[in-house]
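Q: Following this message is one structure expressed as structure tokens.
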Amino acid sequence: MNAATALRSAAGELAAAGCETPRLDAELMLADSLGVARGRLHSEPELELDRDARAAFADALRRRAAEREPVAYIVSRRGFRELELAVDPRALIPRPETEHLVESALGLPPGWRVLDVGTGCGAVALALASERPHLEVHGSDISARALELAGENSRRLGIAVRWLAADLLDGLEGPYQAIVANLPYIAEGERASLAPEILRHEPHDALFAGLDGLSAIRRLAAQLAVRTDVRFAALEVGAGQAPSVRRLLLDSGFDTVRSERDLAGIERVLVGERAAS
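The sequence shown begins at 22 in my numbering and counts up one residue at a time.
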């Protein structure tokens, strides 16, 4: 079996299983099974699969088609901005829209201490530390398993970030001049509408946040009301949540709140700023 034949067959199987991007999924998994760059599948369509590659690809197809496991978990990695991160079910898979959270903080002044709350696999903290080495970046999470994964990414990439175990800001003395956070924001009532890739495989405590999806953000905003050391807060939010989160930040003492839209035009990141106390 060569690469072209394997891809054609796999893409059909994945399409029949309901996967949204069958050809891309097949290419990513085949390249991983062969241990080659994805581009080589296009430049060498006659590339032969040996017995080990066929077995690995068959297992990947089973996981994707039958179990609807995310491709990122199958190949154990995901690109995020300029980084390639290790990913697994210990934390959510980084999404492209979360890159806007990083972008919102790129202009912070040199020397500021920044905390990525709910860091997961460390994507936001590591990207920010990599692109703005003049900042002191910390990452926190309530999940010990997520922090293990973040630490593994930090060591492999050689990017210095301090990792902290905490429930939002509880017990973190700071001072922190800036907070960035991609907290759970899916409402409980939306469970049935989620793709099986998400609902079956990604950690639910990193997805769901009460009846309106704002319970975690609401708790963080209450903490920020008394954390006057924090002069900048950037929060990723779900579609339609921007007006409520804007009010939460204003009520927490931020002087101004602006929104950053993602490529779909959704107000995806709310940025609150206030003067030094």
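No residue lacks a Cβ here, since even glycine has one placed at the ideal position from N, Cα and C.
Going by other Cβ atoms of all chains shown within 10 Å of its Cβ, with 16 needed for buried, is Glu-288 buried or exposed?
A: Residue numbering aside, residue 288 sits at position 267 when the sequence shown is read from its first letter. So Glu-288 ends up on the buried side.
Q: Can you tell me whether His-159 is helix, strand or coil according to DSSP?
A: By one-based count along the sequence shown, residue 159 stands at place 138. In the structure shown, His-159 sits in a strand (DSSP, three-state: E or B).
Q: Counting beta carbon pairs with one atom in the segment 183–199 and one in the segment 237–250, are three or more of them shorter than 8 angstroms?
A: Flag = yes, the segment 237–250 and the segment 183–199 touch.
Q: What are the residues that DSSP puts in a beta bridge with Glu-288?
A: Here residue 288 corresponds to residue number 267 of the sequence shown, with the count starting at 1. Arg-282, per the DSSP bridge assignment.
Q: Taking the DSSP output, what are the residues bridged to Phe-101?
A: As a working note, residue 101 is residue 80 in the sequence shown. DSSP lists Leu-104 as partners of Phe-101.
Q: Output yes or no for whether 8 angstroms exceeds the beta carbon distance between Leu-70 and Ala-27.
A: As a first step, residue 70 must be located in the sequence shown, where it is residue number 49. As a first step, residue 27 must be located in the sequence shown, where it is residue number 6. Cβ distance < 8 angstroms, so Leu-70 and Ala-27 count as in contact.
Q: Pick helix, strand or coil for Asn-174, following the three-state DSSP scheme.
A: By one-based count along the sequence shown, residue 174 stands at place 153. It is helical.
Q: Is the CB-CB distance between Glu-157 and Val-138 below 8 angstroms?
A: Here residue 157 refers to the residue found at position 136 of the sequence shown. Here residue 138 refers to the residue found at position 117 of the sequence shown. No; because the gap between Cβ atoms is not below 8 angstroms, this pair is not in contact.
Q: Go ahead and label Ser-298 buried or exposed: buried means 16 or more other beta carbons lie within 10 angstroms of its beta carbon, across all protein chains shown.
A: In the sequence shown, counting from the first residue as 1, residue 298 sits at position 277. Per the 10 Å Cβ criterion, exposed.
Q: Run through DSSP, which three-state label would Gly-60 get?
A: Translated into positions along the sequence shown, residue 60 becomes position 39. Of the three classes helix, strand and coil, the one that applies to Gly-60 here is helix, per DSSP.
Q: With distances taken Cα to Cα, identify the nearest neighbour of Glu-41 among Val-92, Ala-74, Ala-58, Ala-237.
A: Numbered from its first residue, the sequence shown carries residue 41 at position 20. Selected option, being the one with the closest Cα: Val-92.
Q: Please state if the CB of Ile-207 and the CB of Ala-347 are separated by a distance shorter than 8 angstroms.
A: This structure gives no information on residue 347, because the portion of the chain shown stretches from 22 to 298.
Q: Is it buried or exposed, Ala-285, if we count other Cβ atoms within 10 angstroms and call 16 or more buried?
A: Looking up residue 285 in the sequence shown gives position 264. Exposed.
Q: Please look up how many angstroms separate the CB atoms of Ala-107 and Arg-116, rounded, as I've assumed it's under 8 angstroms.
A: Counting from 1 along the sequence shown, the entry for residue 107 is found at position 86. Counting from 1 along the sequence shown, the entry for residue 116 is found at position 95. With 8 angstroms as the limit, Ala-107 and Arg-116 do not qualify as a contact, their Cβ atoms being about 16 angstroms apart.
Q: Does the beta-carbon of Ile-50 have 16 or more other beta-carbons within 10 angstroms, so that it is buried, or is it exposed?
A: Counted from its first residue, the sequence shown places residue 50 at position 29. It should be pointed out that residue 50 corresponds to Met in this sequence rather than to Ile. Met-50 comes out buried.
Q: What does a CB cutoff of less than 8 angstroms around Glu-211 pick up in its chain, not counting 5 residues either side in sequence?
A: Mapped onto the sequence shown, residue 211 falls at position 190. Counting only Cβ-Cβ distances below 8 angstroms, and skipping sequence neighbours, we find Gly-234.
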